[in-house]
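Written out below as structure tokens is the structure these notes cover.
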Amino acid sequence: MALCAAVSFWWLHTGEQEKGLQAQLTQTEVKLSAWITDWQWKTGITDLKQLGGELEEIHFFAAYFNPKDELHLTSDFREGLPEFLENSRKGEQLRRVLTIVNDRFDTDGTADQKDPALISRIVATPESRSLHIGHILAVVSQHGFSGVELDYEKVRKEDWANLSALYEELYERLQAEGFSLRIVLEPGISQSSFDLLPEGPDYVLMAYNLYGGHSGPGPKADHAMIRKLADKLHGIPGDHAIALSVGGFDWAENGKVVSLTEKRAVELAHAISDDPRRDPSSGALYFEYTDDQGIGHTVWYADGMTIAGWVDAARDSGISKIALWRLGDMEEDTLKQLKEYHQQSQHE
Numbered sequence: 486m487a488l489c490a491a492v493s494f495w496w497l498h499t500g501e502q503e504k505g506l507q508a509q510l511t512q513t514e515v516k517l518s519a520w521i522t523d524w525q526w527k528t529g530i531t532d533l534k535q536l537g538g539e540l541e542e543i544h545f546f547a548a549y550f551n552p553k554d555e556l557h558l559t560s561d562f563r564e565g566l567p568e569f570l571e572n573s574r575k576g577e578q579l580r581r582v583l584t585i586v587n588d589r590f591d592t593d594g595t596a597d598q599k600d601p602a603l604i605s606r607i608v609a610t611p612e613s614r615s616l617h618i619g620h621i622l623a624v625v626s627q628h629g630f631s632g633v634e635l636d637y638e639k640v641r642k643e644d645w646a647n648l649s650a651l652y653e654e655l656y657e658r659l660q661a662e663g664f665s666l667r668i669v670l671e672p673g674i675s676q677s678s679f680d681l682l683p684e685g686p687d688y689v690l691m692a693y694n695l696y697g698g699h700s701g702p703g704p705k706a707d708h709a710m711i712r713k714l715a716d717k718l719h720g721i722p723g724d725h726a727i728a729l730s731v732g733g734f735d736w737a738e739n740g741k742v743v744s745l746t747e748k749r750a751v752e753l754a755h756a757i758s759d760d761p762r763r764d765p766s767s768g769a770l771y772f773e774y775t776d777d778q779g780i781g782h783t784v785w786y787a788d789g790m791t792i793a794g795w796v797d798a799a800r801d802s803g804i805s806k807i808a809l810w811r812l813g814d815m816e817e818d819t820l821k822q823l824k825e826y827h828q829q830s831q832h833e
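For the sequence shown, the working numbering assigns the number 833 to the last residue and increments by one with no breaks.
In structure tokens:
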């Protein structure tokens with residue numbers, strides 16, 4: 486069948502469609518960054534080898550917390566770090582950034598994801614913040630990173646003032662040592678919390694989770710959502726980024742929802758007789774299938790054309806810094822299309 490994976494790139498090579506893409510592109514140069522996760526570092530490195538020349542930053546999403554509120558690095562991190570550093574050093578001006586997330590690992594190996602109580606403790610006082618900053622500086626210095634990113638989510642309302650103080654204090658310490666700082670913001674951040682954010686750090690606002698494990702079927706983002714969040718991001722002085730999520734989700738009729746990489750979504754699409762359809766409001770692809778147990782499924786996912794449309798929506802709203810969540814098992818045609826899109830933006 487003529488699956489989108491087979492056609493996601495040829496659209497650029499047809500005269501009418503390529504002309505349409507050129508018309509959509511604005512005059513702002515796209516600046517790309519991307520994440521690689523510790524649990525998927527091998528396929529992430531594979532994608533990095535193809536896309537690395539187009540990236541300004543590569544983020545290793547790989548630092549968590551132990552029961553003592555100290556930074557915790559997994560065995561996957563230690564296994565993947567040498568190849569991460571080796572391949573990221575091949576890119577000119579490519580900054581290597583360690584992403585720290587507020588997942589807390591217990592002694593039995595289980596993880597409490599996005600733990601708000603953890604944030605409450607580490608930001609509570611100037612002393613607790615200083616201790617945390619010391620841990621961060623030690624880890625990034627020891628492991629060869631050039632910057633830090635904090636992805637602290639589900640923050641309690643009463644902790645935002647202290648968390649913003651941490652951002653400011655950490656930024657000053659990192660700047661003094663020659664390191665960068667970027668902060669991840671959830672799409673639902675309140676205006677009152679938004680107003681507390683200090684100037685100085687780079688910020689990246691997540692433009693996804695419109696549909697997912699918390700909802701019924703639909704795209705991770707649509708153009709209206711991206712434009713709305715891009716406008717919100719202008720509330721922070723500086724040049725900040727929008728994060729876009731690749732891959733998709735599979736919703737089963739029995740209520741089970743599974744996250745999919747793009748390659749897995751394409752594999753599932755190969756099993757149906759009809760081509761996936763493209764949603765005009767988001768550019769995402771979707772299709773339905775029935776599994777071996779007779780259970781119906783609905784799949785939505787993003788390909789290269791989807792992502793290009795999302796980037797267009799951000800650029801039309803004045804945001805040209807784009808972060809991709811995440812590398813690993815992306816279709817080769819999508820990576821090629823992203824490379825071409827980025828290269829075109831450099832020559833406008």
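Just so it is clear, CB atoms sit at the ideal spot from N, CA and C, and this is done for glycine as well.
- The three-state secondary structure of H832, taken from DSSP, is coil.
- Counting along the chain, E657 sits inside the alpha helix (DSSP H) bounded by residues 645-662.
- Around the beta-carbon of P611, fewer than 16 other beta-carbon atoms lie within 10 Å, marking it exposed.
- Unbroken beta strand (DSSP E) stretches of 3 residues or longer found wholly inside the segment 736-790: 742-745, 770-775, 781-787, given in chain order.
- A straight-line Cα-Cα distance of about 48 Å links A754 and R614.
- Distance between Q828 and G538, taken at the CA atoms: about 10 Å.
- By alpha-carbon distance to P686, the top candidate from G701, P702, G673, V669 is V669.
- Apart from sequence neighbours up to five positions away, the residues of its chain that approach T513 with a beta-carbon distance below 6 Å are R800, S805, ordered along the chain.
- Under the three-state reduction of DSSP output, R811 falls in the coil class, being neither helix nor strand.
- Under the three-state reduction of DSSP output, N587 falls in the strand class.
- The beta carbon of M710 is closer than 7 Å to those of A692, L695 in its chain, skipping five residues each way along the sequence.
- Restricted to the segment 664-730, the beta strand (DSSP E) segments that are unbroken, complete and at least 3 residues in length are 665-670, 687-691, 726-730, listed in chain order.
- Collapsing the DSSP output to three states places G594 in coil.
- In the structure shown, A548 falls within a strand segment according to DSSP collapsed to helix, strand and coil.
- Sequence-distant partners of H725 (beyond 5 residues in either direction) whose C-beta falls short of 8 Å from its own C-beta, in its chain, are D687, Y688, V689, L690, L718, I804, K806.
- The three-state reading of DSSP puts T522 in strand, counting E and B together.
- Looking at the DSSP output, V633 sits in a beta bridge with L583, L666.
- Sorting I618, T783, G732 by C-alpha distance to the C-alpha of E773 places T783 at the top.
- Distance between I674 and G779, taken at the CA atoms: about 41 Å.
- In this chain, the alpha helix (DSSP H) harbouring I607 covers 601-608.
- Using a 10 angstroms sphere on the CB of Q525, the tally of other CB atoms reaches 16 or more, which defines it as buried.
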